Amino acid sequence: MSKVIIIAEAGVNHNGSILLAKQLIDVAVGAGVDIIKFQTFSASKLVSKNAKKADYQINSTGNSESQYEMLKRLELSYENHIELLEYCNLKKIQFWSTAFDDESIELLKGIGIDTWKIPSGEITNLPFLKKIGSFNQKVILSTGMCYLNEIEEAVEVLINSGTPKNNITILHCNTEYPTPMEDVNLYAMLTIQKKFDVLVGYSDHTEGIEVAIAATAMGANVIEKHFTLDKNMEGPDHKASLEPNELVEMVKKSQVFRKKKILK
Numbered sequence: 006m007s008k009v010i011i012i013a014e015a016g017v018n019h020n021g022s023i024l025l026a027k028q029l030i031d032v033a034v035g036a037g038v039d040i041i042k043f044q045t046f047s048a049s050k051l052v053s054k055n056a057k058k059a060d061y062q063i064n065s066t067g068n069s070e071s072q073y074e075m076l077k078r079l080e081l082s083y084e085n086h087i088e089l090l091e092y093c094n095l096k097k098i099q100f101w102s103t104a105f106d107d108e109s110i111e112l113l114k115g116i117g118i119d120t121w122k123i124p125s126g127e128i129t130n131l132p133f134l135k136k137i138g139s140f141n142q143k144v145i146l147s148t149g150m151c152y153l154n155e156i157e158e159a160v161e162v163l164i165n166s167g168t169p170k171n172n173i174t175i176l177h178c179n180t181e182y183p184t185p186m187e188d189v190n191l192y193a194m195l196t197i198q199k200k201f202d203v204l205v206g207y208s209d210h211t212e213g214i215e216v217a218i219a220a221t222a223m224g225a226n227v228i229e230k231h232f233t234l235d236k237n238m239e240g241p242d243h244k245a246s247l248e249p250n251e252l253v254e255m256v257k258k259s260q261v262f263r264k265k266k267i268l269k
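Per the numbering used here, the sequence shown starts with residue 6, numbered consecutively.
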């Protein structure tokens, strides 16, 4: 049984600081994850200037600034991407980032990204999927805001655009931050696997490591989990993220349970 692939989701937990981003890379390397992933976006392409924050963002960052202003502070420039990519190469860990718009796709393609993580919010963005699908590269698809028929349409668009089915991995996901335990429903991951006959995994927004480990025991090929240097830092995603010692423990236990896979 091959090991489960662990994606440590740094996301925007760098708070706009390259120094913090490099510290996150160091933590990911120390924990033994396979991939560290950031987010690539332009705030002006992602939200309107008067867009309200989500409740979880208000709870973690207050309401004194708009969502646009918050996201603007968290953007990474082209030069930032190059610096972080080179640092990851130095540290021998894979650098990934999630694109949220066409310009971000082009930026990542230009620096050599060859695996595409599609966030839950873009899974019904069919032109976005067609563009990525045309690259004939590996795609990891999060499903947090979808019905099963919408996942089916997304998979069809990717395949029809040029991505082979065996290049697609689908992650069960719930986009509530943090996700309550009663809303996890890991059996949805198995339903996806049966329905689409692809590799599957779990993008985890619960607190703690228990659900990620359970997903591994149930056969997840990929686990994605947010992490941070400190849950008490200011920023939208810190509170729903693992701290370094928790990330280490999750990696260790996930691989043990992968070897002792409980359910098929």
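Even for Gly, the Cβ is constructed at its ideal location relative to N, Cα and C.
Model, not experiment: these values are computed from the prediction.
Residue environment analysis places Ile197 among the buried positions, since at least 16 neighbouring C-beta atoms fall within 10 angstroms of its C-beta.
Here Gln99 is bridged, per DSSP, to Ile40. For the stretch 105-174, the full-length alpha helix (DSSP H) segments reaching 4 residues or more read 107-115, 131-138, 153-166 along the chain. Contact annotation: the stretch 223-243 touches the stretch 173-185, with at least three C-beta pairs closer than 8 Å. By the Cβ criterion, the stretch 107-120 is in contact with the stretch 86-96, since at least three pairs of Cβ atoms, one from each stretch, lie closer than 8 Å.
The bridge partners DSSP lists for Asp209 are Lys230.
Burial of Tyr207 is indicated by the presence of at least 16 other C-beta atoms within 10 angstroms of its C-beta. The beta carbon of Cys93 sits closer than 8 Å to the beta carbons of Ile30, Ile41, Gln99, Phe100 from its chain, once the five residues preceding and following it are set aside; these are given in chain order.
When the beta-carbon positions are compared, Ala15 and Phe43 come within less than 8 Å of each other. In this structure, DSSP gives Thr45 an extended state, which the three-state scheme calls strand.
Excluding sequence positions up to five before and after Glu91, its CB lies less than 8 Å from no other CB in the same chain. Closest by C-alpha distance to Met194, out of Gly149, Val162, Pro169, Ala159, is Gly149. A Cβ-Cβ contact shorter than 8 Å links Leu163 with Val144. Asp188 and Ile12 have their C-alpha atoms spaced approximately 22 Å apart.
DSSP places Ala220 in no beta strand (DSSP E) but in the uninterrupted alpha helix (DSSP H) bounded by 215-222. Rounded to the nearest angstrom, the Cβ distance from Leu134 to Ala104 is 12 Å, too far for a contact under 8 Å. For Glu14, the uninterrupted beta strand (DSSP E) run begins and ends at 10-16, by DSSP.
Partner residues in a beta bridge of Cys93, as assigned by DSSP, do not exist.
The three-state secondary structure of Leu76, taken from DSSP, is helix.
Beta-bridge analysis with DSSP links Leu204 to Thr174.
Of Glu181, Gly213, Ile173, the smallest CA-CA separation from Asp202 is found for Ile173.
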